[in-house]
Amino acid sequence: MTETVLASATKEVVIGFDRPFCVIGERINPTGRKKLAAEMKVGDYSTVERDALAQVAAGANMLDVNAGIPLADEPRILAETIQLVQSLVDVPLSIDSSIIDALEAGLAVYKGRPLVNSVTGEDESLERVLPLVKKYDCAVVAISNDETGISQDPDVRFEVAKKIVHRAMDHGIKPCDVVVDPLVMPIGAMGTAGRQVFALLRRLKDELKVNSTCGASNISFGLPNRRLLNGHFLSMASSNGLTSAIMNPLHDEDMHAIAAANVLNGVDRDCRAWVRKFREPVPEAAGADGAPESEIDARRREREARRRRRS
558 MTETVLASAT KEVVIGFDRP FCVIGERINP TGRKKLAAEM KVGDYSTVER
608 DALAQVAAGA NMLDVNAGIP LADEPRILAE TIQLVQSLVD VPLSIDSSII
658 DALEAGLAVY KGRPLVNSVT GEDESLERVL PLVKKYDCAV VAISNDETGI
708 SQDPDVRFEV AKKIVHRAMD HGIKPCDVVV DPLVMPIGAM GTAGRQVFAL
758 LRRLKDELKV NSTCGASNIS FGLPNRRLLN GHFLSMASSN GLTSAIMNPL
808 HDEDMHAIAA ANVLNGVDRD CRAWVRKFRE PVPEAAGADG APESEIDARR
858 REREARRRRR S
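Just so we're aligned: the sequence shown equals residues 558 to 868 in our numbering.
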């Protein structure tokens, strides 16, 4: 099966159909976060530090790093942010920019094998980004829109994804290093958005045999109780072939849904991760002298009590 291998200087992460779902933390992104944008613009990365550490502690397998700030020196800020984040956490990064100079600045300082976010089906984008992906031997997110925009027809989006995969091959980039974003539409605006993306994910898996990702929260845009809807979407999408998502790992609803999906999709072997995450700790019992009782002694005492009840 297709495996997309990504790495930091010390840690490897593999995205694949037979692998646990890959959570890509979304919070290091100044878009819509005025305070963070203002901080990053003047070289204050204190919020970036907190967000990096918190997301990994919450279970993120990778982090997306974006420095898209209007009228700012994006190449410098992105490179500085990547270096800082890599000094704090050991997970691989997704380098997120629409500016080719910023992507190259980030790739030049990155230690390991990152994910580039992203390339579209537009010819200009393909011819600017793909040579960079090949030069630095990394993987790339393929956004399934082109010069015509984002089609509401999932068959058109599939053809755009197919075009990107084939053009990547022309540049010597293997299909396993193309992670397709099928573009999740808001379900509140388009009632068929869920069915459409699930069908498209199955085609990406079965026909193109590529891994996939998305901005998970797009599905619930404009609706109440978004976290609950996002969690159900993630679990359903993973069962239809979605192998990663750019999302907020600090939302327990989303992370619990992914943990359950890993179990039900058979990629959490023997439910080990689920048990580690949710097993209740054995309470510490007190002995006759008031000292803490060992777990073995507690179990022995419990067996004796059951034996007495049966007799």
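Note that the Cβ used here is the ideal one computed from N, Cα and C, for glycine as well.
{"Asked": "Three-state class that DSSP yields for V622 in the structure shown", "Found": "strand"}
{"Asked": "When Y602, N618, E606 are compared against I815, the one with the closest alpha-carbon", "Found": "N618"}
{"Asked": "Three-state class that DSSP yields for I657 in the structure shown", "Found": "helix"}
{"Asked": "Length of the line joining the Cα atoms of V622 and I652", "Found": "5 Å"}
{"Asked": "Span of the beta strand (DSSP E) around L563", "Found": "560-564"}
{"Asked": "Per-residue DSSP class, three states only, for R836", "Found": "coil"}
{"Asked": "Beta-carbon proximity list for R584, same chain, < 7 Å, skipping 5 on both sides", "Found": "D608, Q612, N805"}
{"Asked": "Residue range of the beta strand (DSSP E) that includes R576", "Found": "Taken as a continuous stretch (DSSP letters only), R576 belongs to no beta strand (DSSP E), as it is neither H nor E."}
{"Asked": "Span of the beta strand (DSSP E), counted from its first residue to its last, around N674", "Found": "672-677"}
{"Asked": "Pick from R836, T561, R865, A862 that is closest to V698, judged by C-alpha positions", "Found": "T561"}
{"Asked": "DSSP beta-bridge partners of A802", "Found": "V580"}
{"Asked": "Three-state class that DSSP yields for N768 in the structure shown", "Found": "strand"}
{"Asked": "Span of the alpha helix (DSSP H) around I730", "Found": "It is not in any alpha helix (DSSP H) - I730 carries neither H nor E in the DSSP assignment."}
{"Asked": "Coarse secondary structure for G748, derived from DSSP in three states", "Found": "coil"}
{"Asked": "Segment limits, alpha helix (DSSP H) that includes A814", "Found": "809-821"}
{"Asked": "Minimum C-alpha distance to F574 - residue among E810, E859, V832, S801", "Found": "S801"}
{"Asked": "Own chain, CB closer than 7 Å to T567, minus 5 neighbours either side, in chain order", "Found": "D647"}
{"Asked": "Contact set for N674: own chain, Cβ-Cβ below 7 Å, skip 5 residues either direction", "Found": "D621, S651, I652, D653, V698"}
{"Asked": "Residues of its chain near K691, where Cβ-Cβ distance is below 8 Å and the 5 sequence neighbours each way are ignored", "Found": "H728, G729, I730"}
{"Asked": "Residue range of the unbroken alpha helix (DSSP H) whose run includes A614", "Found": "603-614"}
{"Asked": "Beta-carbon spacing of A645, L610 below 8 Å", "Found": "The displayed chain sequence assigns Leu, not Ala, to residue 645. For L645 and L610, yes; Cβs fall inside 8 Å."}
{"Asked": "CA-to-CA distance, R865 to S774, given in whole angstroms", "Found": "55 Å"}
{"Asked": "Beta-carbon proximity check, I721 vs G678, cutoff 8 Å", "Found": "yes"}
{"Asked": "Which listed residue (M742, D809, R724, N822) has its alpha carbon closest to that of F835", "Found": "D809"}
{"Asked": "Beta carbon of L761 nearer than 8 Å to that of V767", "Found": "yes"}
{"Asked": "Rounded separation between A843 and R590 - CA only", "Found": "With a pLDDT of only 49 at A843, under 50, the local geometry of the prediction cannot be trusted, and the value read off the model is given with reservation. Whole-angstrom Cα-Cα distance: 51 Å."}
{"Asked": "For E861, the three-state DSSP class (helix, strand or coil)", "Found": "helix"}
{"Asked": "Nearest-angstrom Cα separation, counted from V832 out to A845", "Found": "At A845, the pLDDT of 48 sits below 50, so the modelled position is not reliable; the number obtained from the coordinates is stated separately. Each residue's Cα considered, the two are about 32 Å apart."}
{"Asked": "The beta strand (DSSP E) enclosing V698, as first and last residue numbers", "Found": "696-700"}
{"Asked": "Beta-bridge partners of L650, as assigned by DSSP", "Found": "L620"}
{"Asked": "Nearest-angstrom Cα separation, counted from L757 out to I707", "Found": "14 Å"}
{"Asked": "Span separating the alpha-carbon of G847 from that of N797", "Found": "With a pLDDT of 49 at G847, under the threshold of 50, the modelled position of this residue cannot be trusted, and the question is left open."}
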